[in-house]
Amino acid sequence: MTWPGPSDPENLPPSWAGMAPMNAVHHQSTGYSDRYWRAESLAAKRRGGQRWGIPAAAAVLALNLAGFLALPCLIDTDSSPAYVLAIMLPSVLAASLAFAITARRGNGPVVDFGLPTSLSEWGVQVRSGIAWGAAALVGGLLLALLVLARTDLESGSPLGNLLAIPTPWKVVLVAWIWIGAPFCEEVMFRGMLWGALERRAAPMRMSWLGNRWVVLVVTAVVFALWHREGWRFLVLVWGGFAIGIARMRTGSVVASTTAHSVNNTLPALAILSLAE
Numbered sequence: 021m022t023w024p025g026p027s028d029p030e031n032l033p034p035s036w037a038g039m040a041p042m043n044a045v046h047h048q049s050t051g052y053s054d055r056y057w058r059a060e061s062l063a064a065k066r067r068g069g070q071r072w073g074i075p076a077a078a079a080v081l082a083l084n085l086a087g088f089l090a091l092p093c094l095i096d097t098d099s100s101p102a103y104v105l106a107i108m109l110p111s112v113l114a115a116s117l118a119f120a121i122t123a124r125r126g127n128g129p130v131v132d133f134g135l136p137t138s139l140s141e142w143g144v145q146v147r148s149g150i151a152w153g154a155a156a157l158v159g160g161l162l163l164a165l166l167v168l169a170r171t172d173l174e175s176g177s178p179l180g181n182l183l184a185i186p187t188p189w190k191v192v193l194v195a196w197i198w199i200g201a202p203f204c205e206e207v208m209f210r211g212m213l214w215g216a217l218e219r220r221a222a223p224m225r226m227s228w229l230g231n232r233w234v235v236l237v238v239t240a241v242v243f244a245l246w247h248r249e250g251w252r253f254l255v256l257v258w259g260g261f262a263i264g265i266a267r268m269r270t271g272s273v274v275a276s277t278t279a280h281s282v283n284n285t286l287p288a289l290a291i292l293s294l295a296e
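Note that my numbering has the sequence shown beginning at 21, numbered continuously upward.
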């Protein structure tokens, strides 16, 4: 692989390139990691053909929000199938719109979302996702203990309304929480929103939004706010930050989806263990 040379201004690495966590394994000739260059090469591929930005990302998020607001009014959520459907459908529709946008206005989901094209890429992305997902999970547990020690929750267990769901539908819901929701949410947040912000560069207005560290913070905060759980806000910000680092280090939503799935393991198991 040919690395950008120092004499080419357009290919010079940005000022944050040498900062942790991007430089864990250094390339001998440049001082920057192989993983960093993989992520940078994927970003360079996206910029040329990406004709979608913040409006497209906003449309995806708006569809997701509209679905969560409208479906409880349109279907009977007292029935188990409808309740599970109301949880799943908004995110499925939003992720489907994201794929349609990138296929129509971008480079396609493989390039725009950094999907792996070989087994070795799968391995790199999954390993990074597992590591940062574990960091999200452990850090989230510690933060949750601190928050709960200082917070009086007005409502009962957030899982209480799932007690009446029959076991087969709990299994479906667990599969969704562990695999489906992480993938759809990562397409929305670390796929569309991340890509829309990352695309902004000089001479575009507010080009500072394209700085990877700004993108990381913005996506983590929006991710936390989107869940609308005040007491978990700091936990979700930490989770979004750790998951986002997996995305930043690999340039792929597969890594962030893996991290998200690891982070969702305990909630998924908690739902499965609920007695009818």
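Glycine included, C-beta positions come from ideal geometry on N, C-alpha and C. Since the structure is predicted, the reported quantities are computational estimates derived from the model, not experimental observations.
Outcome for residue i when other beta-carbon atoms lying within 10 angstroms are tallied against a minimum of 16
i, result
"methionine 108", "buried"
"glycine 250", "exposed"
"glycine 149", "buried"
"serine 272", "buried"
"arginine 124", "exposed"
"leucine 83", "buried"
"valine 191", "exposed"
DSSP three-state assignment for residue i, whether helix, strand or coil
i, result
"serine 111", "helix"
"glycine 200", "helix"
"arginine 219", "coil"
"glutamine 145", "helix"
"glutamate 249", "coil"
"leucine 163", "helix"
"serine 49", "Only weak support is given to the placement of serine 49: the predicted model assigns it a pLDDT of 47, under 50, and the question is left unresolved by the model."
"threonine 277", "helix"
"serine 272", "coil"
Own chain, CB closer than 8 angstroms to residue i, minus 5 neighbours either side, in chain order
i, result
"glycine 128", "Thr122"
"glycine 69", "Gly126, Asn127 and Val131"
"isoleucine 199", "Ser281"
"cysteine 204", "Ser111, Val112, Ala114 and Ala115"
The alpha helix (DSSP H) enclosing residue i, as first and last residue numbers
i, result
"glutamate 293", "According to the sequence displayed, residue 293 carries serine and not glutamate. Segment 285-293, the alpha helix (DSSP H) holding serine 293."
"valine 131", "129-132"
"leucine 89", "74-94"
"valine 192", "187-195"
Beta-carbon proximity list for residue i, same chain, < 7 angstroms, skipping 5 on both sides
i, result
"alanine 118", "Val80, Val207, Met208, Gly211 and Met212"
"arginine 67", "Arg219"
"valine 242", "Phe209 and Leu213"
"methionine 226", "Arg220"
Beta-carbon contacts of residue i that lie in its chain and below 6 angstroms, excluding the five residues immediately before and after
i, result
"threonine 22", "With a pLDDT of 45 at threonine 22, under the threshold of 50, the predicted position of this residue should be treated as unreliable, and no value is reported."
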